Every structure is written in C-alpha cells, then in structure tokens.
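Visitor: Have a look at this one before I ask anything.
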Amino acid sequence: MSVTYEDAITRYDPVLGIEVHVELGTRTKMFDDAPSPAGGTEPEHANQLVTPVSLGLPGALPVVNGTAVEYAIRIGLALNCEIARSCRFARKNYFYPDIPKNFQTSQYDEPIAYEGYLDVELADGTVFRVEIERAHMEEDAGKNTHVGGADGRIHGASHSLVDYNRAGVPLVEIVTKPITGVGDRAPEVARAYVQTLRDIFRALEVSEARMERGNVRADVNVSLRPTPDSPLGTRTETKNVNSFRSIERTVRFEIARQAGILDGGGSVLQETRHFHEDDGSTSPGRVKSDAEDYRYFPEPDLVPVAPSREWVEEIRATLPELPAARRRRLQGEWGYADAEMRDVVNAGAVELIEATVTAGASPAAARKWWMGELARTAKSQDVSLEELPVTPAAIGELQSLVDSGRINDKLARQVLEGVLAGEGSPEEVLTARGLEIVSDDGPLLEVIDATLAAQPDIVAKIKGGNLGPIGAIIGAVMKATRGQADAGRVRELVMERVQD
Amino acid sequence: MGDHADLLRLSAADLAAALTAGEVSSVEATRAHLDRISAVDDDVHAFLHVNSEEALASAGAVDDARSAGETLHPLAGVPIAVKDVVVTKGQVTTAGSKMLENWVPPYDATLVTRLREAGLPILGKTNMDEFAMGSSTEHSAYGPTRNPWDLGRIPGGSGGGSAAAVAAFEAPLAIGTDTGGSIRQPAAVTGTVGVKPTYGSVSRYGLIALASSLDQAGPCSRTVLDAALLHDVIGGHDPRDSTSLPEAAPSYAEAARQGATGDLSGIRVGVVTELGGEGYEPGVRASFQAALAALTAAGADIVEVSCPSFSAALAAYYLILPSEASSNLAKFDGMRYGLRVEPGDGPATAERVMAATRGAGFGDEVKRRIILGTYALSAGYYDAYYGSAQKVRTLIQRDFAAAFEQADVLVSPTAPTTAFPFGAKLDDPLAMYLNDVATIPANLAGVPGMSLPSGLSDDGLPVGFQLLAPARQDARLYTVGAALETLLLDDWGAPLLSRAPELEVKA
Amino acid sequence: MSTIDSAEVLRLAALARIDLSEAEVTRLAGELDVIVQAVATVSEVAGPDVPATSHPIPLSNVFREDVPGATLDREAIMSQAPEALDDKFAVPQILGEEA
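Protein chains in written order, with our numbering: chain A, 1106 to 1605; chain B, 58 to 564; chain C, 37 to 135.
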C-alpha cells in the first residue's frame, strides 16, 4: 500500500533515534601512531598509513591517543554530558574484512560521556531539545572496494579490495535517546540535529567535519506509533546517511514506507537499511546472522580512562564559544531583529557578515550586501554565498568606498559586478571602469550652468523660494554626468548658482 | 669439538665473561651452538627455524665492535633462542601453527629489539604448542619437542622448545612466554630455570597474544643468575604496551648475586597448603620437602599458608583464557597474511573462506578453546562465566595479599608430576589442564613466579620448585632462588643437568 | 547451566567462523560438555559483592602523545598477503555488501 509522507504523518507519530559518527581530526590514529587520513595526512597509496597496530598484525598492541580522549571530552561537554570518572574500552567481536582484528575496539557499557542534550534550532526559530544518551570512543574500519562482476554490482563481484588507511581513525559516536514529539517536523529535526552537531564539531576544532568526505556519518532510526501515548513501534536503522538532505529524505521515506506497511496490517521488520541517493529510497541491508552476539568484553590490552575532574574542568574552561551562543552574541552586537538574524543564519551568512564587519563595514551595511545583492546573485547562479567569487574583505572595501563618498550605492553595484566578474578588487574595478564620483567642481559647474540656462522658468521659481523643482535640475545634471556626480554636491552648487 | 663441548656447558654469565675477556669470540660461541643444534635437534626438535646466517652475522658484528673497543652490553655475543610466539622481523614466525606457516613479520617485538640492541645473536625460533595452548608441545602443528632427559617424554609446554633447547645445550638462554605456566612447567620437567615476571614487567608488544591479561614473557636458562641477566635485558617500561609497568626495575642480576651467598636468615617462606598434597606424585613431594629442608638449614622460617580460593583458579583460568583467546585469534582469517583456504564446495565468499581457513588452519586444541571462549562470552553466559571468573581473580589476589602478610615468598612444587610420556594425556583435555594447577594462580594475580630444579624424582626425572613473590618484587625470586640453587648445588656437587643422559650426536 | 550439544557447537563454530567436520562437532560437544561442567563452578565461588578484576596490575590513563611515527614498509606487508592488487588486499566477495 503506497502512502505519501504528508498522509502518513497525519495518522502516525514518528519517533527518531540518531547515531552520529564523527572522525576526529587528530594527527594520528586512535590506538597507534600511524598518521591519520582524517588528521591532515593525504595518503598517496592504499595501505600506506598503517603500523602493525592498525593492520591488526599478530603481536601488535593498542595505546590510546590522549588527544583523542581530550577531543571526546570536548564533544561530551559541548553536548552537556556527564564525563565518566572512569571508563573502559571493550571489544566488539564480529568478522568482517575491513576490521583487521575481527573485533572493533569500542566502548560498551562504560562510555566516556553520557546523559546530555543539544538544543536544535529549526529554520523558523523553533528550538527543539534532543536528549543525548551517550558519546563514546571507538575506531574506524578500513574501506572495501568491490571489483569484478559484469555490471559492477556487488552481488556479481568476484572479490573486494581492502585498504586499511582509514582503519583505526578515531571516532566518537553520539547516540540520542528516542526523539519524540516531533510530529511532521521529524525530517527537519533530524537534519537540523546533525547540522548543529557538524557546526559544533567545527567550532570545537575536533574534526574538519566534512560530510562529503565521510568525516560525519549518521545512522537514522525511525519508528512509527499510532499516537504519542502508544508504546514505541518497531524501528529500522538506515546506515551511513552522509548528507543533510539525505537525512531529511531518509526520514520522509521511512515514515511513508512504514505507514504503508502498518496501514496494510503488516508489521515493520527490525532491520538495517541503506539509503539510495538517486531516488531517495531505502532498501534492506545485509542480514548478519550473528549481529546480536558481539560478545563484548573489556579490552584487556587497554587500561581504564579515568579523566581527573581537574582535567575535565580545564577542558571545559577552554571550550570555544559554541555556534548557538555565538549567534546570540553576534545578534546583540549587530542589533539585528530576530527575523533578520534567522534569515542570516538560514542563508549561511553569519561568518561572512562577521568577517565583513571585521573588515570595517557596519553590521547593517554588511547585512544589506550579503542578504541583498549578493544573495540575489547567488540564487540566480544556484550557488551558496560562500561559493561566490568575492571575499568579505572586498565587501568591506566596497562599503568603505561608499562611506567615503567616492561612489554612491548605484555605482557600488557596478563595482561589485566587476569584482564578481573577476576584474580585481573594488578599487581596481573603480579605476578601470572610471566610475569614481566626479569631485572636481569645474566640469560639474559647466554642466550645471548649461542646465540652468536651459531652464530659466525653473530658476525663477527657485529664486522665488519654491525649492520643489530643484530635483528636476539635479536629475538633469546627474543624467548629463551619467550618474558620476555626487548628488549632494550637485544640490549645493545649484543653490549657490541660483542665489548668486 | 672438545672446546665446543666446554663452550656449550658454560652458563650465560660465564660465557659472557669469556667473551669479555677475549677468550672466545661470539662467532665461535654462536657456531658452536648452531653445530650442536645440527647434531641433536633432529631428536629433540626444539627448533622450528634456525637462523644461522643472521645469528652469525650479528655475532660477527659484536666481535667487530669488541675489537674496536666499543662498550658492549654484558651479555653481548651470547646466543639465544626465541619462542616462536614472539615476532621477529624478517624471520618466519609461526606460533607453532599451520595458520602462519610461512609468515614473515614486518616488525620486531620490543623484547627482540632489546635483544638485538644488546647484541645477543638469535639462533632461531623454538617449538611450542600451537598459539601456546598446551602443556606438552604435542599440540605443535610441526610435531612435538622431545624431553632431553627422555626422548619418549614431553618437555612441558607450551614453551617446551625453549626449555628443551636450554636443557639440551643448544642455547644458553631462551625466551619463553607464560600464560598459565608455559615457562615454569617446561623448566620443571627439563631441569632448567624459568621465570614468569610480574605482569607488565616485560613488554608484550610483539608477543602473539594468547590471553592478554595473563601473558607474560620471561627468561629460560640453566641458572638463576642467567635468568636474572636476561630479565634485565628484556624488562623495563615500553610505551607500546599499555599494561607495561611504568616504574624502573632494579637490577635482577644484582639480586641473584646477593642471594648466591646462600644465607636466608630471617626470610619467611610460605608453603601453600592448596598447592601440594593430593594429586602430586610422591617423588615430586619428596624432592620438594628436601628443598624445604635445605632452606630451613640456611636460616629460612617455613610457615604454612592457606589460599582457599586457589581451588577455583583452574576453572577461572579455563574461562578467562579461552574467552580472551577466542577474540585474540579472530585475526587469523586468511585475508591479510598467512594461510588461506577455499571452501570445498559452494561459493568462495569472504565469510566462507574465513571459516574454511580457520577450520583447516587451527589444530584441535585451538578449536576447542576458541569454541569454549566463544561460548563463555556469548550473550546470556557472560556474567555466569567470564564475569564470575574475573571475580575469582579478585579472590585469588586477596589470598595472595593475605599470604604475603605472613611470608616473603610462597613456594610449591611447580608441577604435580614429572615429564609424562607422549600421548598420556592427549585424549583427556581436563587431565592435561591439571598440569598447570600450581602455576595458574600467579598468572591470574599477575605476581611473579620462578621454577628451578629441586632434584630428581624417584623416576630419575627432574622436579621443579616454584617460588612466588608479590607483584613488582621479582628481585625476591632471584635472591631466594639463587640461594636455594647454591644450597642444592653444594649438595649435588654438580649441576643437575650433568645427570641427564648424553644425547646421541649426529654428524 | 546449559549443556553443550552438537547444535550448540555448530552455533558457536558459526560465530567463531570455524568450519568443523561432523566428527569434530560430535567430539567437541562431548569434550566441551565435560569442561563446562568442570569450570561452571566459578559462578558459585564469588558473591555479588566481589568486584571483578580484569587487569592483574591496576593502571589507568595510559596515553600516547598525538605524534606520528613510522609506518610499515608497504612491500613487506603486501608480500605477505594471500592475494593483493594495487597495494590493496584482495579478498573474496563480501556477501550482501553495498556497492
């Protein structure tokens, strides 16, 4: 039975659960000193960034990367979590070619951080609180490439090629409690939650947090129940959803799909699913016969991590300002109204405006440029503001040309057009295009005198005390100078001439 | 050959002194041992691989450095054998398993690095029960090692190769590893000395792990001083092992030299009630009592101590070891190195190739313990088995703590029996496991233990005497051990090994 | 405590990824049943108030500086692979894996 999302959401209450993995940007891996591909080392070859530890060779032993622990604590604190007084690593045992030891070193019943929350702001300003169950440390797996098979699809593949460069990269996994009460905003909340996390990872400088590189990956759990009072329904887990848009689409698709099953009297199968970028659908993943029996036990090769309270407080004291707090502070400093600030945030212009203000522009002017002319340009070219070929410094320079009276707003737009066309800095465009406001009164007076001479009756009215028609004179002068004259100066000169 | 024979019977300390004095070169000493291996190892089968070329090259380098007047480590130039569970860069390392038949590790274990840096030529890799699971070397995939005292009997295990190599004068020193007695029990049944240091005293980096929380590498030798000298080389903190003890260790050789005076006045020696009596052969008990008498005569106070939880040690051990081993040995799957076996029929998927490889590559004992460990960790059983066993560990530690309130060292026979004939216990895993009943508590608690010969049993085979000390007090083992060795040597007139039958030398 | 029969051995062997012959399954079931009965006594030894000991010598906070070290020689590791291609380990097809 096919059901649309819009229809499904009127009859079912969705419950979400999101697990986000973030690759930490430490220089080395979680348990060995191999350079980490998530920490700035680009490998030239497969299996280059490996030691006996990350290759899982017989005899190798793990040693915890202290910086990774610090990053994990930073994340835990930013998510308002408790930091464990003592916690341990555990082995999660399962066989798979991309995990070289055939167990993943993770944390099981003793995560480093637990019981936190994150306030997520939606596009319309609604704030939604997501409860965090835990954040724990673990290691990433290697990468499989599938080769062979006539159509390149995996079921026809003859073998896989494994590269362990990524094996052992430090991960922090953040697990939410069931997210309830989101109703028809479920897809939006899921997306905003992961986006907010991404911004936090960047602000904390614990990861480059580039979705497209797989630095941040989300597993999205969705279940439906008839009403918010009903017990939780059976959930599905869609693995490795790797863009904000995909997260939103996954939730929409699963809600509609599960509603279809439930409407038909069926029951949802608890399973792992995969998201398909091309059509926005999900499909069942591999069935692991032993998925439920990971035989966890405390990792005997590692000793407990027991962060002292002094260390935790030191880390807390040096946490950078988080994105939400920063937005509140900037809004105050800039004097924007709530709606204005929200538009700025939604347009992704906070950093751009901040840099433009730093370059000397007033907050109002900076907002005017980025949310006006530049936003229009970006929209027409279907690119983000960040992708426009103009820097905040250039916008600051442009605005200073306006503020100093060398150009007016209209000319400034022409200068910007030149900057965007790659003609150089605002100053260079100004010079090259000869757009500077004419400030030498001589040529201007000639134009004014000629204009006045052509309009004797208007001159008479002005002399008679009726200043109304002066605009017509100024307009004619501006037209004759192709807008390069400073309108204010023109007015002054006209008054002088008339009163002479 | 006459000169050779003398060289072969020297202790490592005496050989080192001869090397330092320039009376013999390392190349000569190394060649003498390589010749001995060629002559007797067809019978003994202590070695899985002999690295003649490399050993002679490093011996030559030591000789050159000595000629050039460089300051060398006291043991520089003394050859050594290394148990095949320890990885050696560029030298095949199999852990006694078909799974790693031709595996050449790309790195050295930390203790191997320390041997190389100290200039000890590595003669080769010694035989062992597959992945160190066993007490007889009968579980080696490459055939058992034979006891030099009686080639029809087991040399102990898992490190039977290292003990036999030392007992057969194929090497003055060897490296062993001890998870439940694999250094001490072979030492006992071959009339040699073996030490399991405090857990964390010797780096585990590069030891193919059996049970991570129990494994510890240590020295095998013919004298207590030699064991101490070797412990000094391989011990000490290693940042590559998270469980490595951070503090600096004292000189164990110094402790052994102090003890060699034979004076034990004021030392309290605790006899552990639970590690003796029923189940221990009369000849073993007699030898043990004779050693106690010698200690008493030297001024030691003998006290009886009880460690009631030790009765649960074997059960706890046979849950913890298989559990950790089942996870440690998961990496052997035919994907990255070692054996790969295709399934007999059906599609060769990764999953099926792994299972086929592990089915073909592991021997019976390894399979038995992996299945047992998988069971113990499996959902629903964890608390009852692994969890309970870890609690027993706590009780055993408490027993040790209480016993060490009453005594400076604890003592027991190392093994309940002398060397038994091949096949005697192969079909009865539980009987085989009972060999380790006296050695296992030390591994569970992490405390150091030593086995040294206390004499011969009524069957003419050597008996081992076990000394146990508190954690980090390994020096006490060497002091008391060296004292007992001096006392017994006075009594015997010649080292016990001189009473072993001469091995047939093949040209 | 449960007993170990052939079906249980087969379940465990699948979890542990070990192919066993029928004869091995039968023999292991018998042996393991005896061993498990013998070791099962551990659950009766320690009361609930006894803490578990996972490390014989207690240590904590053993950390490594975040400084890159030497990596393995690629030639040395790839030469040990049962099968390799383009500096990668070639493994048989992985069932059910997404492309």
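Built from N, CA and C at the ideal position, the CB exists for glycine as well.
Keep in mind it's a predicted model, so treat the numbers as computed, not measured.
Could you list the residues in the region 392 to 417 of chain B with a C-beta less than 8 Å from some C-beta on chain A, going in chain order?
Guide: Here the close residues are Met-392, Arg-393, Tyr-394, Ala-407, Glu-408, Met-411.
Visitor: Can you pull the chain C neighbours of A:Arg-1132, defined as C-beta to C-beta under 8 Å?
Guide: Within chain C, the residues near A:Arg-1132 are Asp-102, Val-103, Pro-104.
Visitor: Among all the DSSP beta bridges, which residues are the ones paired with A:His-1264?
Guide: Its beta-bridge partners are A:Val-1252, C:Pro-128.
Visitor: If we define contact as Cβ-Cβ less than 8 Å, is A:Gln-1153 a contact residue for chain C?
Guide: Yes, A:Gln-1153 counts as interfacial toward chain C.
Visitor: Taking the beta strand (DSSP E) that B:Met-507 falls in, what are its first and last residues?
Guide: It spans 506 to 513 - the beta strand (DSSP E) in which B:Met-507 sits, taken as one unbroken run.
Visitor: Between B:Ala-387 and A:Phe-1200, is the Cβ-Cβ spacing less than 8 Å?
Guide: In contact: B:Ala-387 and A:Phe-1200 (Cβ atoms closer than 8 Å).
Visitor: Quick check on this structure: which residue in C:Lys-124, C:Val-75, C:Ala-106, C:Gln-129 has the alpha carbon closest to the alpha carbon of A:Asn-1152?
Guide: Ranking the options by Cα distance to A:Asn-1152, first place goes to C:Lys-124.
Visitor: Report buried or exposed for A:Pro-1205, applying the criterion of at least 16 other Cβ atoms within 10 angstroms of its Cβ.
Guide: Classification of A:Pro-1205: buried, given that the 10 Å Cβ count is 16 or more.
Visitor: For B:Thr-536, which of helix, strand or coil comes out of DSSP?
Guide: The answer is helix: DSSP assigns B:Thr-536 an H, G or I state.
Visitor: When you compare each of A:Thr-1463, A:Gln-1560, A:Val-1449, A:His-1126 to A:Glu-1244 by their alpha carbons, which one comes out closest?
Guide: If we check each option's Cα against that of A:Glu-1244, A:His-1126 comes out closest.
Visitor: Using 8 Å as the limit for Cβ to Cβ distance, is B:Lys-482 near chain C?
Guide: Judged by the 8 Å Cβ criterion, B:Lys-482 is not in contact with chain C.
Visitor: Check whether the region 1108 to 1116 of chain A touches the region 1239 to 1253 of chain A, taking contact to mean three or more Cβ pairs, one atom from each stretch, closer than 8 Å.
Guide: No contact exists between the region 1108 to 1116 of chain A and the region 1239 to 1253 of chain A.
Visitor: Give me the Cβ distance between B:Asp-493 and B:Tyr-309, rounded to the nearest whole Å; I'm assuming they're in contact under 8 Å.
Guide: With 8 Å as the limit, B:Asp-493 and B:Tyr-309 do not qualify as a contact, their Cβ atoms being about 25 Å apart.
Visitor: Using a Cβ-Cβ cutoff of less than 6 Å, which residues in the same chain neighbour A:Asn-1198 once the five nearest sequence positions on both sides are dropped?
Guide: Within the same chain, A:Asn-1198 has close Cβ partners Phe-1208, Tyr-1399, Arg-1400.
Visitor: Taking its Cβ as the centre, do 16 or more other Cβ atoms sit within 10 Å of B:Gln-463, making it buried, or is it exposed?
Guide: Exposed.
Visitor: If I follow the unbroken beta strand (DSSP E) through A:Ala-1195, where does it start and stop?
Guide: That run of the beta strand (DSSP E) goes 1195 to 1198.
Visitor: When you compare only the Cα positions, how much space is there between A:Asp-1229 and A:Arg-1350?
Guide: Going from the Cα of A:Asp-1229 to the Cα of A:Arg-1350 covers about 18 Å.
Visitor: Taking beta-carbon pairs under 7 Å, can you tell me which members of the region 1187 to 1218 of chain A lie near chain B?
Guide: So the list reads Arg-1196, Asn-1198, Phe-1200, Pro-1202, Pro-1205, Lys-1206, Asn-1207, Phe-1208, given in the order they occur along the chain.
Visitor: Which residues in chain A have a C-beta closer than 7 Å to the C-beta of C:Val-127? List them in chain order.
Guide: Correct list: Pro-1202, His-1264, Ser-1265, Val-1267.
Visitor: For B:Ala-75, which of helix, strand or coil comes out of DSSP?
Guide: Helix.
Visitor: Taking only runs of the alpha helix (DSSP H) that begin and end inside the region 389 to 434 of chain B, which ones reach a length of at least 4 residues, in chain order?
Guide: Correct list: 407 to 418, 421 to 434.
Visitor: Could you give the distance in angstroms between the alpha-carbon of B:Pro-505 and the alpha-carbon of B:His-102?
Guide: Taking the straight line from one Cα to the other gives about 29 Å.
Visitor: Spatial neighbours of A:Asp-1618 within its chain, please: CB distance less than 7 Å, with the 5 preceding and 5 following residues excluded, ordered by chain position.
Guide: Given that chain A is displayed from residue 1106 to residue 1605, the structure contains no residue 1618 of chain A and the question cannot be resolved.
Visitor: Could you tell me whether the region 131 to 146 of chain B touches the region 78 to 88 of chain B, using the rule of 3 or more Cβ pairs below 8 Å?
Guide: Taking 8 Å as the limit for Cβ pairs, the verdict is that the region 78 to 88 of chain B does touch the region 131 to 146 of chain B.
Visitor: Looking only at its own chain, which residues have a Cβ that is under 7 Å from the Cβ of B:Asp-100, when we skip the five neighbours before and after it?
Guide: These residues qualify, in order along the chain: Arg-203, Leu-208, Leu-560, Glu-561.
Visitor: How about B:Val-259 and B:Leu-168: are their beta carbons less than 8 Å apart?
Guide: Yes.
Visitor: Quick one: grab the DSSP three-state call for B:Met-58.
Guide: Only weak support exists for where B:Met-58 lies, its pLDDT of 39 falling under 50; the coordinates are left without a value.
Visitor: Could one say the Cβ of C:Val-81 lies closer than 8 Å to chain A's Cβ atoms, at least one of them?
Guide: Taking Cβ atoms only, chain A never reaches closer than 8 Å to C:Val-81, which makes this a no.
Visitor: Distance cutoff 8 Å, beta carbons only. Does B:Leu-376 sit that close to anything in chain A?
Guide: So, not an interface residue.
Visitor: Short of 8 Å in beta carbon distance, which residues of its chain neighbour B:Ser-344, apart from the five on each side in sequence? Order them along the chain.
Guide: Within the same chain, B:Ser-344 has close Cβ partners Pro-470, Ser-511, Gly-512, Leu-513, Ser-514, Val-520, Phe-522.
Visitor: Compare the C-alpha of B:Ala-370 against each of C:Glu-60, C:Val-81, C:Leu-51 and name the closest.
Guide: For B:Ala-370, the nearest C-alpha among the options comes from C:Val-81.
Visitor: Do you know offhand how far A:Lys-1282's Cα is from A:Leu-1302's?
Guide: Taking the straight line joining both Cα atoms gives about 15 Å.
Visitor: Establish whether the CB of B:Gly-263 and some CB of chain A are separated by less than 8 Å.
Guide: Judged by the 8 Å Cβ criterion, B:Gly-263 is in contact with chain A.
Visitor: Which same chain residues, not among the five before or five after B:Ala-351, have their C-beta less than 8 Å away from its C-beta?
Guide: Excluding residues within five positions, the ones whose Cβ falls inside 8 Å are Leu-541, Leu-544, Leu-545, Asp-548.
Visitor: Spatial neighbours of A:Arg-1602 within its chain, please: C-beta separation below 8 Å, excluding the five flanking residues on both sides.
Guide: Around A:Arg-1602: Leu-1550, Ile-1553, Asp-1554, Leu-1557.
Visitor: Which residue marks the beginning of the beta strand (DSSP E) containing A:Glu-1111, and which one marks its end?
Guide: No beta strand (DSSP E) contains A:Glu-1111, which is instead part of the alpha helix (DSSP H) from 1110 to 1116.
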